[in-house]
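J.:
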Amino acid sequence: MINYNGNILSAQDIDLSYNNRAFYYGDALFETLKYKKNNIQFLEDHYFRLMASMRMLRMEIPQNFSLDFFKSEILKTLKANNLISARIRLQVFRKNGGYYLPLTNEINYLIEVKPLNIIDKTDYKLDVFKDFTVYSGILSNLKTTNRIFNVVASIFSDENGLDDCILLNEKKQVVETSKTNIFLVKG
């Protein structure tokens, strides 16, 4: 079951048009969250990044889009899917219409949850992806639905028998991996 604009629907019942702006132009943002032990991890951080990104893309943010609203919508979706641990994808996209210039800045949102797969490997193979670098400009920090860089890097990992690969920016600084964030733990 998927949450589409607050309505819990089966995937088959969601009416997404072929000319959806997310498909046509990548005019969409997303956040991937983890739900584990009755906790949506880093919810506030994800929420504020999404709100800042929506403002940068000049998307109209509905009045009810509060942190509490998102939390309740996510929990409603988890309950409808009977999940106690999950990978959550929250996506917002501008409503249909227009070419590069949209007819409206109003948005739709979609929340999808899937069972969380815990990787329990002692041998996790990584390498550095050197074919391309991530541009370090402000727009590159937005989690848009155009993640072609991550797609190509994931294919590279698969072709080379790796579990994942590290992505660098043009300054040769570590950015993330093709699949996840990197955290530095001191101590």
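If you read the sequence shown in the numbering used here, its first letter stands for residue 4, the second for the next number, and so on.
Note that the Cβ used here is the ideal one computed from N, Cα and C, for glycine as well.
Note that the coordinates shown come from a computational prediction; the quantities given were computed from them, not determined experimentally.
Using the three-state DSSP reduction, which class does residue 15 fall into: helix, strand or coil?
T.: helix
J.: Tell me the start and end of each unbroken beta strand (DSSP E) in the stretch 80-118 that is at least 3 residues and wholly inside, in chain order.
T.: The stretch 80-118 contains, as complete beta strand (DSSP E) runs of 3+ residues, the segments 89-97 and 110-118 (chain order).
J.: Answer with buried or exposed for residue 94, where buried requires no fewer than 16 other C-beta atoms within 10 angstroms of its C-beta.
T.: buried
J.: Can you look up residue 130 in the DSSP assignment and give me helix, strand or coil?
T.: strand
J.: At which residues does the beta strand (DSSP E) containing residue 169 begin and terminate?
T.: 167-171
J.: State the Cα-Cα distance for the pair residue 66 and residue 9, rounded to the nearest angstrom.
T.: 14 Å
J.: Counting C-beta neighbours from all protein chains within 10 Å, is the total for residue 134 16 or more, i.e. buried, or is it exposed?
T.: exposed
J.: Would you identify the three-state DSSP class for residue 177, choosing helix, strand or coil?
T.: Under the three-state reduction of DSSP output, residue 177 falls in the strand class.
J.: For residue 22, count neighbouring C-beta atoms within 10 Å of its own C-beta (all shown protein chains included) and say buried if the count is 16 or more, exposed if not.
T.: With fewer than 16 other Cβ atoms from the protein chains shown falling within 10 Å of its own Cβ, residue 22 counts as exposed.
J.: Runs of 4 residues minimum, wholly inside the stretch 30-68: which ones carry the alpha helix (DSSP H) assignment?
T.: 46-59
J.: In the DSSP assignment, find the unbroken alpha helix (DSSP H) run with residue 153 in it and report its ends.
T.: 151-162
J.: Give me whichever residues DSSP pairs with residue 147 in a beta bridge.
T.: 32
J.: Cα separation between residue 172 and residue 138?
T.: Note on geometry: alpha-carbon atoms of residue 172 and residue 138 lie some 6 Å from one another.
J.: How many angstroms separate the CA atom of residue 90 from the CA atom of residue 118?
T.: The alpha-carbon atoms of residue 90 and residue 118 are separated by roughly 6 Å.
J.: Comparing alpha-carbon positions, which option in 15, 11 and 113 lies nearest residue 33?
T.: 113
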